[in-house]
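Colleague: Sharing a structure, written as structure tokens. Questions coming.
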Amino acid sequence: AQKVTQAQTEISVVEKEDVTLDCVYETRDTTYYLFWYKQPPSGELVFLIRRNSFDEQNEISGRYSWNFQKSTSSFNFTITASQVVDSAVYFCALSENSNYQLIWGAGTKLIIKP
Amino acid sequence: GAVVSQHPSWVICKSGTSVKIECRSLDFQATTMFWYRQFPKQSLMLMATSNEGSKATYEQGVEKDKFLINHASLTLSTLTVTSAHPEDSSFYICSAPNWDRGRETQYFGPGTRLLVL
């Protein structure tokens with residue numbers, strides 16, 4: 001069965017600290033896609049990254065980086081030098097075989113204190 | 115980039131009335147759209163898959179007679195909450211997939227906040 005687990009319900013750090021959001025997934029498919037989305041208080045989902053199961057290279061985009069490890073079925077997200085504007089709920093999601101349906105984690109609420 | 119819009123962005127209605135929410139893909143065609151519901155401090159829950167020209171596919175536990183979905187064109191899907199009650203108050207989000215530079219991507223609407231009094 002497919003499942004996405006974000007064990008961290010809420011994380012609170014002080015601005016400029018680094019923070020890692022965990023995501024563990026379960027799937028039987030060999031081809032799948034992993035996503036991270038940001039949901040600020042406005043509610044609109046902001047796409048951050050999409051990674052397919054055949055690409056295990058880690059990715060860095062500015063202060064954001066993602067660590068994809070198939071051996072542990074994890075796709076963790078790190079924000080370096082966090083800023084107050086990073087405060088939001090972050091969702092990890094899984095899609096299998098491009099069937100377009102997303103399986104969502106419960107989300108992690110990130111609070112960055114000034 | 116591809117854009118998905120939703121209308122209205124928020125709506126307040128009396129219990130027992132019906133509310134229609136529109137989801138439009140503005141610059142691409144979508145044969146499939148998805149409707150999600152999100153309660154406060156919870157994750158998104160897929161309600162149904164909207165298919166252009168055919169019946170929607172509902173997730174288990176979602177009442178198809180209460181949440182009517184019509185996907186009449188390649189750019190528009192509508193969700194009608196019939197005889198709305200306070201427990202239907204939620205944040206409703208639609209999404210549509212599109213191929214962008216050889217990659218399938220989901221585009222989300224900004225959401226519709228429904229408050230049933």
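So the protein sequences, as listed, match chains A and B. Each residue of the first sequence is one higher than the one before, counting from 1 in the numbering used here. Each residue of the second sequence is one higher than the one before, counting from 115 in the numbering used here. Ideal Cβ positions, reconstructed from N, Cα and C, are used throughout, including at glycine.
(1) Going by beta-carbon coordinates alone, are A:Y32 and A:E96 separated by less than 8 angstroms?
(2) What three-state label does DSSP hand B:D232 in the structure shown?
(3) Determine whether the Cβ of A:F91 lies closer than 8 angstroms to any Cβ atom of chain B.
(4) When the Cα atoms are used, what is the spatial distance from B:T146 to B:W213?
(5) For B:H109, is the classification buried or exposed, using 16 other Cβ atoms within 10 angstroms of its Cβ as the cut-off for buried?
(6) Taking the straight line between their C-alpha atoms, what separation do you get for B:E166 and B:S187?
(7) Can you find the residues in the same chain that come closer than 6 angstroms, C-beta to C-beta, to A:D86, ignoring five residues on each side of it along the sequence?
(8) Over what stretch of residues does the beta strand (DSSP E) that includes A:Q39 continue unbroken?
(9) For the stretch 187-201 of chain B against the stretch 9-25 of chain A, do three or more pairs of beta-carbon atoms, one drawn from each stretch, fall closer than 8 angstroms, so that the two count as touching?
(10) May I have the straight-line CA-CA distance separating A:K70 from A:L94, to the nearest angstrom?
(11) Does the Cβ of B:L138 have 16 or more other Cβ atoms within 10 Å, making it buried, or fewer, making it exposed?
(12) Relative to the C-alpha of B:G175, which candidate in B:M159, B:S164, B:S168, B:T189 has its C-alpha closest?
(13) Report, in whole angstroms, the separation of the C-beta atoms of B:L193 and B:F181, which I expect to be a contact under 8 angstroms.
(14) Run through chain B and tell me which residues come within less than 9 angstroms of A:Y25, C-beta to C-beta.
(15) When DSSP labels each residue in this structure, what does A:E44 get in the three-state scheme?
(16) Note down, in chain order, every chain A residue with its Cβ under 7 angstroms from the Cβ of B:P211.
(17) Taking 8 angstroms as the limit between beta carbons, can you name the residues of its chain near A:N58, skipping five residues before and five after?
(18) Measure the alpha-carbon distance for A:A88 versus B:V125 and round it to whole angstroms.
(19) Just checking: is the beta-carbon of A:E44 within a distance shorter than 8 angstroms of some beta-carbon in chain B?
(20) Applying the criterion that 16 or more other CB atoms from any shown protein chain within 10 Å of the CB defines a buried residue, is A:F91 buried or exposed?
Modeller: Quick answer:
(1) On the first sequence, residue 32 of chain A is found 32 positions in, with the first residue counted as 1. On the first sequence, residue 96 of chain A is found 96 positions in, with the first residue counted as 1. For A:Y32 and A:E96, yes; Cβs fall inside 8 angstroms.
(2) Given a span of 115 to 231 for chain B in the structure shown, any question on residue 232 of chain B remains unanswerable.
(3) By one-based count along the first sequence, residue 91 of chain A stands at place 91. Yes, its Cβ sits closer than 8 angstroms to a Cβ of chain B.
(4) Counted from its first residue, the second sequence places residue 146 of chain B at position 32. Counted from its first residue, the second sequence places residue 213 of chain B at position 99. Whole-angstrom Cα-Cα distance: 12 angstroms.
(5) No answer is possible for residue 109 of chain B: it lies beyond the span of chain B, which begins at 115 and ends at 231.
(6) Along the second sequence, one-based indexing puts residue 166 of chain B at 52. Along the second sequence, one-based indexing puts residue 187 of chain B at 73. Answer to the nearest angstrom: the Cα atoms are 6 angstroms apart.
(7) As a working mapping, residue 86 of chain A is identified with position 86 in the first sequence. For A:D86, where only same-chain residues beyond five positions count, the Cβ hits under 6 angstroms are I79, I112.
(8) Locating residue 39 of chain A in the first sequence gives position 39, where the first residue counts as 1. Element bounds for A:Q39: 32-39.
(9) no
(10) Position 70 of the first sequence, counted from the first residue, corresponds to residue 70 of chain A. Position 94 of the first sequence, counted from the first residue, corresponds to residue 94 of chain A. Cα to Cα, A:K70 sits roughly 13 angstroms from A:L94.
(11) As a first step, residue 138 of chain B must be located in the second sequence, where it is residue number 24. It is Arg, not Leu, that sits at residue 138 of chain B in the sequence shown. Per the 10 Å Cβ criterion, buried.
(12) In the second sequence, residue 175 of chain B corresponds to position 61, counting from 1. If we check each option's Cα against that of B:G175, B:M159 comes out closest.
(13) The count along the second sequence starts at 1 and reaches residue 193 of chain B at position 79. The count along the second sequence starts at 1 and reaches residue 181 of chain B at position 67. The pair is a contact, with the Cβ atoms about 6 angstroms apart (cut-off 8 angstroms).
(14) The sequence position of residue 25 of chain A within the first sequence is 25, counting from 1. Ordered by position in chain B, no residue passes the 9 angstroms Cβ test against A:Y25, which lies about 14 angstroms from the chain.
(15) Within the first sequence, numbered from 1, the residue matching residue 44 of chain A stands at position 44. Here A:E44 sits in coil by DSSP.
(16) Here residue 211 of chain B refers to the residue found at position 97 of the second sequence. Within 7 angstroms Cβ-Cβ: Y100.
(17) The sequence position of residue 58 of chain A within the first sequence is 58, counting from 1. The residues are S65, W66, N67, F68.
(18) Taking the first sequence and counting its residues from 1, one reaches residue 88 of chain A at position 88. Taking the second sequence and counting its residues from 1, one reaches residue 125 of chain B at position 11. Looking at the two C-alpha atoms, the distance is approximately 24 angstroms.
(19) On the first sequence, position 44 is the one that residue 44 of chain A refers to. With 8 angstroms as the cut-off, A:E44 counts as an interface residue toward chain B.
(20) Within the first sequence, numbered from 1, the residue matching residue 91 of chain A stands at position 91. Result: buried.
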